[in-house]
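Taking this note's numbering, the leading residue of the sequence shown gets 6, the next gets one more, and so forth.
Yeah, the Cβ is synthetic: ideal placement off N, Cα and C, and Gly gets one too.
Since this is a predicted model, take the numbers as computed values, not measurements.
Step one of this worksheet: look at the structure below.
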Amino acid sequence: MRKTPWWTRRAMAPVVLFVLLASACRGGEGTRAPADLDAGGGGATASVAQPAQAGPSPIDGDYYGGTSVLRLEEGTWAFVSGKDIRWVGVASVSDGELVISGEESCPETGRYAWTLDGETLALESIQEACPGRSVLLSKEWRAIPSLESIGQDVPRGTIATLPDLRFVGYWGTVDVAGLPAAEIEVFIREGYDEGGWAFSPTVLVGEPGQSLELTVRSPVGARIYEAPHNFTLEEQGISVDLAPGEATTVTVSFPDSGSLTFLCRRHADEGQAGLLTVG
């Protein structure tokens, strides 16, 4: 029997998650996706209820599991899987218990037992009004950094969060401030269970309002899986496709402040994205 290639199995994960997410909503309505969590991801900030508690908790932070990201932050929680599936609500953390509620498609309360062992957060459902939500949250989550706070010395392929809470494979930062042009590569590196679907460098640091001629290359060679790619910068109306071995040049502009996310439309759910940020 012919086995499914590793990259195909990996790409199927978001489809499975979508089916599970649909079952998490009441009355069979399906999952409704609130707006992006951060304007840097191209959408408006989501409107949620007031935090259930003031101040940080022992488990506040960003966590990664499979193809999903979980954030706990000062009385709020967010679950993001892919570009369009995201839940946001309020949270309360006590000794060994996490209580979540207030999410748009299923506002009822869920209670979870939690343990934190180093960088690993384990959640186990105690009582949950949305069965699909329990399936997705009850597991071990690994703490990950945000892309904007990541250090230069981290290994290639490190998983980090974008401002809109999608995850990304990190392959370096380059300061292009004052330069007229720069180059990046987009690829799938073989031998990586995660983090091998990426842009390199992943973060470009520029000046407010700077215009940059950006050449995007899709390399071929050893340990690179040849596949079609894409470069999209939604806020500036840019979307170009690249076949293996091809390169294309686009003109991008850095924001006046903050950051903008660029991505590959074909593989964004695998972490193939990056950031234009102002230094």
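### Query
Any idea what DSSP makes of Ala-273, helix, strand or coil?
helix
### Query
Can you give, in chain order, each stretch of the beta strand (DSSP E) that sits fully within the region 162-250 and has at least 3 residues?
163-166, 172-175, 178-180, 186-193, 202-205, 208-211, 216-222, 234-238 and 243-247
#### Entry: Ser-264, buried or exposed, once every other Cβ within 10 Å from all chains shown has been counted against 16
buried
### Task
Could you please give me the residues that DSSP links to Gln-157 through a beta bridge?
Its beta-bridge partners do not exist; DSSP assigns none.
#### Entry: Selection from Val-159, Thr-220 and Arg-161 that minimises the alpha carbon distance to Val-293
In the structure as shown, the chain begins at 6 and stops at 284. Residue 293 is therefore absent and cannot be evaluated.
#### Entry: Bounding residues of the beta strand (DSSP E) (the contiguous stretch that carries Gly-279)
278-283
### Query
Can you give the beta carbon distance from Thr-125 to Tyr-175, rounded, assuming they're within the 8 Å contact cut?
Their Cβ separation, rounded to whole angstroms, is 20 Å, which puts Thr-125 and Tyr-175 out of contact at 8 Å.
### Task
Determine, using beta carbons only, whether Asp-198 and Ala-148 come nearer to each other than 8 Å.
no
#### Entry: Separation of Asp-100 from Ser-130, as counted between CA atoms
15 Å
### Query
Is the region 185-195 touching the region 214-230 in the sense that three or more CB pairs, one from each, lie closer than 8 Å?
yes
### Task
Check whether the Cβ atoms of Leu-121 and Ile-64 lie closer than 8 Å to each other.
yes
### Task
Within the same chain, show all residues whose beta-carbon is closer than 7 Å to that of Trp-202, passing over the 5 residues directly before and after it, in chain order.
Gly-174, Ile-193, His-272, Glu-275, Gly-276 and Gln-277
### Message
Rounding to the nearest angstrom, what Cα-Cα distance links Ala-248 and Cys-269 in this structure?
### Response
12 Å
### Query
The alpha helix (DSSP H) with Ser-143 in it runs from where to where?
First-last for Ser-143: undefined, no H or E at that position.
### Query
Helix, strand or coil: how does DSSP classify Gly-327 here?
The structure shown does not extend to residue 327, since the chain is modelled only from 6 to 284, so the question has no answer here.
#### Entry: Through-space distance from Gly-123 to Leu-75, alpha-carbon basis
17 Å
### Message
Please state whether the Cβ-Cβ distance between Leu-217 and Leu-184 is less than 8 Å.
### Response
yes
### Task
Taking 8 Å as the cut-off, decide whether the C-beta atoms of Trp-119 and Glu-108 are in contact.
no
### Unbroken beta strand (DSSP E) run spanning Leu-75, endpoints
73-78
### Query
What's the C-alpha gap between Leu-26 and Gly-71?
Confidence at Leu-26 is low in this model, with a pLDDT of 48, below 50, so its placement is unreliable and the value that follows should be read with caution. Near 14 Å, if we compare the C-alpha coordinates of Gly-71 and Leu-26.
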